[in-house]
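Trainee: So the protein lines, in turn, are chains A and B.
Residue numbering for the first sequence is 2 to 512, as defined by this note's numbering.
Residue numbering for the second sequence is 7 to 364, as defined by this note's numbering.
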Amino acid sequence: MADTPLISMRNIVKRFPGVTANDQINLDLYPGQVHALLGENGSGKTTLMSILTGLYRPTEGTISVNGQEKKFTSPRDAIDNGIGMVHQHFKLIESFTVAENIALSQISNSFLLSQDAVVDDITKLGEKYGMVVNPKSYVWQLSVGEKQRVEILRMLYRNSKVLILDEPTAVLTPQETRELFANLRKMANDGCAVVFISHKLNEVLELADQITVLRSGKVVGCFGRNDTNRYGLIEMMIGRDINVNKSNNKQEQSLGEVILEVNNISALNDVGTLGLNGMSLNVKAGEIYGIAGVSGNGQRELAEVLAGLRPATCGSIKFKGEEIIGMSPKAMIERGISYVPEDRLGMGLVPNLDASENVILKEYGTSKYSNSWKVNKTAAIKATEAIVKKFDVRMGSIFQPVKMMSGGNLQKLLLGREIASHPKLMIVLYPVRGLDIGAIESVHKLLLQLKKENTAIILVSEELEEIAELADRVGVIFSGKILGEFPVSAMDTELVGSLMAGITENKEDMV
Amino acid sequence: MKIKVQKSLAPNLTSQILVPIFAVLASLFFCAIFFALTGKDPIEVYSAMFSGALGSEYGISETFVKMIPLALCGLGVAVAFRMHLWNIGAEGQFYMGACAATWVTLSFPTLPFFLMIPAMIIMGALAGGLWGLLAGWFKVKWQVDEIISTLMMNYIGILWVDFLVYGAWRDPEGKNFPLTAAFPAAAMLPTFGSLRVHYGIFFVFILALIFWVVFKKSKWGYETLVIGSNPIAAKYAGINIRSNVLLAMFISGALCGIAGMVEVSGVVGKLQPGISPGYGYTAIIVAWLARLHPLAIVGVAFLFAVIHVGGFMLQTMGMPSATATMLQGAMLFFVVGSDILTKYEIKFISSKEGEKNE
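1. Three or more beta-carbon pairs under 8 Å between the stretch 188 to 202 of chain A and the stretch 27 to 46 of chain A, yes or no?
2. Run through the DSSP bridge pairs and tell me what residue 486 of chain A is partnered with.
3. Take residue 52 of chain B as the anchor and find which of B:320, B:326 and B:114 has the nearest alpha-carbon.
4. Measuring alpha carbon to alpha carbon, tell me which of A:430, A:225 and A:322 ends up nearest residue 258 of chain A.
5. Since residue 1 of chain A and residue 27 of chain A are thought to touch, with beta carbons under 8 Å apart, how far apart are those beta carbons, to the nearest angstrom?
6. May I ask you to verify whether the stretch 419 to 438 of chain A touches the stretch 326 to 342 of chain A, counting CB pairs closer than 8 Å and requiring at least 3?
7. With contact counted as at least three CB pairs below 8 Å, one residue from each stretch, are the stretch 406 to 414 of chain A and the stretch 309 to 322 of chain A in contact?
8. Provide the residue span of the alpha helix (DSSP H) that contains residue 265 of chain B, from first to last.
9. Taking the alpha carbon of residue 365 of chain B as the point to measure from, which residue in B:327, B:267 and B:240 has its own alpha carbon closest?
10. Please report whether the beta-carbon of residue 112 of chain B lies at a distance below 8 Å from any beta-carbon of chain A.
11. Which whole-angstrom value is the C-beta distance of residue 86 of chain A and residue 50 of chain A, which I expect to be below 8 Å?
12. Near residue 160 of chain A, which residues of its chain fall below 7 Å by C-beta distance, leaving aside the five closest residues on each side in sequence?
13. If you run the structure through DSSP and keep just helix, strand and coil, what is residue 346 of chain B?
14. With distances taken Cα to Cα, identify the nearest neighbour of residue 263 of chain B among B:312, B:201 and B:103.
15. Within the continuous alpha helix (DSSP H) that includes residue 410 of chain A, where are the two ends?
16. Is residue 463 of chain A near the ligand GTP, in the sense that its beta carbon is under 7 Å from a heavy atom of that ligand?
17. For residue 148 of chain B, count neighbouring Cβ atoms within 10 angstroms of its own Cβ and tell me buried if that reaches 16, exposed if not.
18. For residue 207 of chain B, would you say it is in contact with chain A, using Cβ-to-Cβ distances shorter than 8 Å as the test?
19. Tell me the DSSP secondary structure of residue 126 of chain A in three-state form.
20. Identify whether residue 197 of chain A lies in helix, strand or coil by the three-state DSSP scheme.
21. Between which residues of its own chain and residue 230 of chain B is the CB-CB distance below 7 Å, once the five residues before and five after are set aside?
22. At a CB-CB cut-off below 7 Å, which residues of chain A make contact with residue 238 of chain B?
23. Using C-beta distances below 8 Å, list every residue in its chain close to residue 97 of chain A, excluding the 5 sequence neighbours before and after it, in chain order.
24. Considering only C-alpha positions, which residue in the set A:168, A:227, A:148 and A:102 is nearest to residue 116 of chain A?
25. If you measure from the beta carbon of residue 141 of chain A to each beta carbon in chain B, is any gap under 8 Å?
26. Touch check for the stretch 276 to 294 of chain B and the stretch 394 to 406 of chain A: three-plus C-beta pairs under 8 Å?
27. Please list the segments of the beta strand (DSSP E) lying wholly inside the stretch 40 to 74 of chain A, counting only runs of 3 or more residues, in order along the chain.
28. By Cβ distance below 7 Å, which residues in the same chain neighbour residue 275 of chain A in space, the five residues on each side in sequence not counted?
29. Using CA coordinates, which residue listed in A:157, A:505, A:125 and A:350 is at the minimum distance from residue 416 of chain A?
30. Under a three-way DSSP split, which group does residue 21 of chain A fall into?
31. Apart from the five residues just before and just after residue 177 of chain A, which ones in its own chain have a Cβ nearer than 7 Å to its Cβ?
32. Taking the CB atoms as reference points, tell me whether residue 157 of chain A and residue 126 of chain A lie closer together than 8 Å.
33. Assign residue 272 of chain A to one of two classes, buried (16 or more other C-beta atoms within 10 Å of its C-beta) or exposed (fewer than that).
34. What alpha helix (DSSP H) runs, 4 residues minimum, are completely inside the stretch 279 to 343 of chain A?
35. Would a C-beta distance cut-off of 8 Å place residue 296 of chain B and residue 313 of chain B closer than the cut-off?
36. Rounded to the nearest angstrom, what separates residue 331 of chain A and residue 238 of chain B at their Cα positions?
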């Protein structure tokens with residue numbers, strides 16, 4: 002280990018209106034090391050790296066490069082100081098060739114571009130690090146893995162010494178991931194400092210020399226690879242031991258028949274790899290089935306398949322005995338399957354429409370809110386007033402666009418709408434994300450009330466405490482399937498933690 | 007102190023109405039500077055313009071004649087725009103509608119009035135609608151950008167009419183002019199007395215009212231609103247986006263097709279090249295300035311017709327015919343530019359707060 006760190010970030014604070022995204026963070030990057038940044042969504046990983054790459058300016062704190070303090074006023078400054086980043090969404094120009102994309106970063110150096118020299122350099126760099134890509138291909142012709150190689154080659158071409166990769170494996174096949182890891186190791190051995198952002202524990206432990214864990218904008222741990230284990234990491238990411246006995250909210254209730262039987266389904270995620278891989282579960286009427294797991298392991302894909310928004314590639318889904326796989330969103334809604342998405346304004350509600358127009362979103366076509374051709378505005382307003390009253394939704398007026406409402410009230414409106422439709426099955430994703438304590442409590446009460454009405458509920462959460470408080474059974478999701486399932490009374494942090502990290506009793510099963 | 011422009015959450019109704027009115031006045035003032043620079047008295051120019059368009063029976067009649075196709079095409083494109091489908095093919099759909107209506111008169115010249123006119127309307131709507139639907143189908147099937155396909159299909163539609171009137175449909179007794187034979191009397195929409203303004207104006211009011219109700223009250227109006235505002239939520243709510251794209255493009259094209267039918271049946275009385283001086287393009291501006299509100303579209307179309315007809319009057323004063331176009335352009339520029347005033351608000355904040363928000 003070299004004595005001076007290549008990069009030293011000291012007491013970095015970044016505040017956005019209402020949020021402190023980074024709170025007194027220290028981070029040292031040494032040449033020759035792969036440094037992993039680990040943390041849940043929203044823990045501040047990406048903000049920290051955006052500060053290092055000059056996209057944001059820190060509210061407080063300093064950045065030193067090779068011991069010298071620097072102030073980055075633009076991404077250009079960071080690039081000139083040898084800092085490069087591969088973003089989750091690639092920043093390549095599709096209609097340019099690989100060579101043109103890479104040469105773009107050098108455009109300021111001379112008026113004329115020598116294509117041939119660039120092509121030569123790229124070929125050499127590619128051979129050196131085993132990242133073969135034809136410099137003359139157009140970017141739109143490349144696969145996702147190849148595009149990522151182009152991004153990495155571009156950093157190397159710019160002589161970047163600090164290589165930051167934001168969740169690089171999310172888009173790769175296992176084979177490509179192995180190759181990427183070998184290449185990153187080579188680059189580290191050549192004196193680069195590699196930063197690897199991930200929330201996949203097994204990958205972090207495989208590749209990283211140093212691991213920094215972030216939670217809610219703070220560093221909660223920083224240690225070498227050999228000083229820790231998966232379980233320790235999980236505990237650190239989640240933060241606290243769960244209290245299983247907090248069941249005072251729950252009342253004993255006998256469960257009904259099986260409402261939903263999911264059998265061995267698979268589905269592709271947005272980047273075309275398997276988001277669900279042999280997922281099976283079942284839920285009974287009046288049961289809350291909690292799905293615990295690190296987000297990005299297939300939770301959203303499962304919900305979207307059940308809502309008819311994403312096709313499943315194989316398997317079977319039985320809803321009250323009827324095979325419903327591949328049915329349209331409308332058919333799912335008509336059968337009483339309700340999906341409460343995590344993205345309230347992006348999917349669940351229409352931001353520019355008012356509350357009453359949002360309340361009828363899924364049922365505008367039924368006799369409840371319309372006759373043969375006309376929407377029944379009066380019924381819509383009545384229903385909205387009822388929801389506002391019953392679920393204590395606060396807003397200026399029900400005729401204002403809903404985008405003006407606070408997160409908690411949006412969630413109450415959304416849940417209120419779904420509950421008012423008397424669903425047989427509800428899939429609810431991260432229902433309390435971003436809410437304050439008061440709103441969290443009322444959302445939890447709503448879910449328990451729905452349970453009393455004999456609705457089967459699938460509750461996806463990253464808060465183990467929430468699952469312990471609400472659920473009857475818990476399944477741990479990992480890599481697109483349920484890895485372990487048990488009644489909530491048998492749930493303990495260690496068991497759940499290791500399953501979330503992909504560890505089952507049989508070590509060979511580790512992915 | 008720092009001045010910050012930020013998105014306002016609640017666009018209020020007064021600013022939505024007042025801002026465009028002030029923008030129109032500002033554009034008139036802006037053009038007045040130009041008139042002054044060319045040595046004309048702006049007041050004189052404007053009074054000549056408005057009295058030309060509104061000061062006589064003839065002027066008013068001509069203004070309505072121009073308003074009819076603008077309003078119908080404006081309604082047509084508004085149907086598509088409401089779903090964020092950028093149908094700029096109104097011109098081509100207009101020509102196809104005129105062409106299909108003409109086909110009815112040429113093929114069945116002996117039909118009585120009460121059969122002829124409905125047949126022409128249906129065929130005009132069908133032809134314009136299919137022309138729009140084709141672009142919609144390309145979009146649904148192959149994700150072809152409707153802006154490109156509708157624009158290119160304009161040229162096909164216009165040249166198709168040229169092809170027919172220079173060829174197969176040319177009137178053998180027409181002294182070799184590229185015209186079809188004049189329509190039989192039964193194929194002509196009645197006019198108000200000896201004026202040129204015709205019963206097509208009822209189409210405008212009826213269709214504007216229908217679409218006002220459809221947009222405001224109907225299930226389909228609600229669906230298009232949701233699709234236009236948030237397509238992901240529309241899909242989530244089980245709304246079929248593909249079939250709605252096809253339907254909207256058909257209805258959009260059908261309205262423009264009706265505009266074409268009304269123009270040949272009410273004004274021209276035959277098919278010939280250049281039956282539209284760009285109504286389909288101006289209609290885009292009309293719909294936009296009216297914020298896609300069907301009743302406002304009729305009002306804006308009337309305003310544009312005034313400028314158009316008034317523009318002729320200016321030519322008698324020795325001003326170029328482009329004057330009217332300049333006024334229309336300035337209006338669009340000012341109204342669209344003033345949009346920021348309804349969507350954003352200006353806030354004064356202390357500099358300390360400003361840094362935090364950076």
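Note that CB positions come from ideal geometry on N, CA and C, so glycine has one too.
Mentor: Short version:
1. yes
2. A:476
3. B:320
4. A:322
5. Lying before the first or after the last residue shown, residue 1 of chain A is absent from chain A, which here runs from 2 to 512.
6. yes
7. no
8. 247 to 269
9. Since the first residue shown for chain B is 7 and the last is 364, residue 365 of chain B is missing from the structure and cannot be characterised.
10. no
11. 6 Å
12. 83
13. helix
14. B:103
15. 408 to 421
16. The model depicted lacks the ligand GTP and carries no ligand whatsoever.
17. exposed
18. no
19. helix
20. strand
21. 88, 89, 250 and 254
22. 347 and 348
23. 105, 139 and 140
24. A:102
25. no
26. no
27. 61 to 66 and 69 to 71
28. 267, 269 and 481
29. A:350
30. strand
31. 146
32. yes
33. exposed
34. 300 to 307 and 330 to 335
35. no
36. 14 Å
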